[in-house]
Structures are given as structure tokens and as C-alpha cells.
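In terms of the numbering used here, the sequence shown opens at residue -12 and continues consecutively.
Encoded as C-alpha cells, the structure appears first; notes follow it.
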Amino acid sequence: MTKTAVVIIGHQSERRLTGNELMQNCLNSITASKSIIPIVVDNYSFPHPLNVPSHLRITSDVPGLTGAWEIGVNYALETTGAEIIIISNDDVVFSDEFFHQFISNGIDHHPQKDMRIFGPLSNGQEGYFWQKSNMPKP
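Laid out in C-alpha cells, this is it:
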């Protein structure tokens, strides 16, 4: 299977006490596969960080979802060698077949071979994907 990183954004606070439970459920659904690399971005947890092994966790002191995504994706690009990066919230539990189906039957067989971002239709808006030609040059 193609080397894949999953960047999971999560946090825990006095108003969101379920952060650790949600993250553990999400991580447990990922760790069965050896070709999937989970990366947890602890997005401004206060007063205590998420209870996640430190080798999986990056701490973000910048509140906000897009900043956490940027930190996680940059980390994945710089350190993992992953060909695919999936961004997820901590309340997602992946099925046993998700990665195989998504990669083998979705990305690998999609007619747009230079696709870079793949997402669902959401909130009545049209889906959109980025192609190589749309991506900023490094």
C-alpha cells in the first residue's frame, strides 16, 4: 500500500472533556496498518495536553483549525516520506477497509492522475480538487 500519513487535529479543554477519548478511538482505528503514519496535532489544549504518545504528537499553540492543519501537513511532508496525506478530525473512526478502498479504488484509479486534494461534497457546495498546475511552486 502507498505510504500514507493521517494528520489528526484534536484538543481537550474544560469545555471539551472528551478530547482524549475521541483521539484514542481515532488512533485505534488507524494503528492496525503498518503503512499508515498517524500524526496528532494537539490544537491548543488547555490546561493539559492530549494524552497521546509524544512520538505521535505535535503541539500547536496557535488556536484555530487551519493553523493546525498547516503545522500537521508541513510536518508530514518534511518527516514521513508519505505520498498521500489525509487530514482528519479526532472524532473520525476509520473502518478496516477505508485506507485500501480510498487509495486503491479511489486515488489510484481516479481519472485526474495529477490530483492533489480530494474531498467530499459538503454542505450543498460542489467538490473541488487541486491539480499539479494549481499547486504553488516550492
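Positions of the beta carbon are idealized from the N, C-alpha and C atoms, including for glycine.
Using a 10 Å radius around the Cβ and a threshold of 16 neighbouring Cβ atoms, would you call residue i buried or exposed?
{"i": "residue 87", "result": "exposed"}
{"i": "residue 91", "result": "exposed"}
{"i": "residue 49", "result": "exposed"}
{"i": "residue 107", "result": "Bear in mind that a pLDDT of 49 at residue 107, under 50, signals an unreliable position, so the number given afterwards is only what the model happens to contain. So residue 107 ends up on the exposed side."}
{"i": "residue 53", "result": "exposed"}
{"i": "residue 35", "result": "exposed"}
{"i": "residue 131", "result": "Residue 131 lies beyond the residue range present for the chain, which begins at -12 and ends at 125; the question has no answer from this structure."}
{"i": "residue 9", "result": "buried"}
{"i": "residue 123", "result": "Residue confidence is low: residue 123 scores 48 on pLDDT, short of 50, so the model does not pin down where it sits. Its coordinate-derived value is still stated next. Under this definition residue 123 is an exposed residue."}
Relative to the C-alpha of residue i, which candidate in the options has its C-alpha closest?
{"i": "residue 138", "options": "33, 12 and 4", "result": "In this structure the chain extends from -12 to 125, so residue 138 is not present and cannot be described."}
{"i": "residue 67", "options": "46, 55, 16 and 22", "result": "22"}
{"i": "residue 47", "options": "28, 18 and 60", "result": "28"}
{"i": "residue 58", "options": "10, 70 and 45", "result": "45"}
{"i": "residue 127", "options": "51, 6, 1 and 83", "result": "The chain is shown from -12 up to 125; residue 127 falls before or after that span and cannot be answered."}
{"i": "residue -2", "options": "31, 51 and 18", "result": "31"}
{"i": "residue 84", "options": "40, 3 and 18", "result": "18"}
Let me check one thing: in DSSP terms, what residues is residue i bridge-paired to?
{"i": "residue -8", "result": "24 and 72"}
{"i": "residue 0", "result": "3"}
{"i": "residue 29", "result": "-3 and 46"}
Report the CB separation of residue i from residue j in whole angstroms; it is logged as a contact under 8 Å.
{"i": "residue 33", "j": "residue 0", "result": "5 Å"}
{"i": "residue 128", "j": "residue 16", "result": "A question about residue 128 goes unanswered here, because the residues of the chain that appear run from -12 up to 125."}
{"i": "residue 69", "j": "residue -10", "result": "5 Å"}
Using a Cβ distance threshold of 8 Å, determine whether the region -12 to 5 contacts the region 65 to 78, with at least three qualifying pairs required. yes
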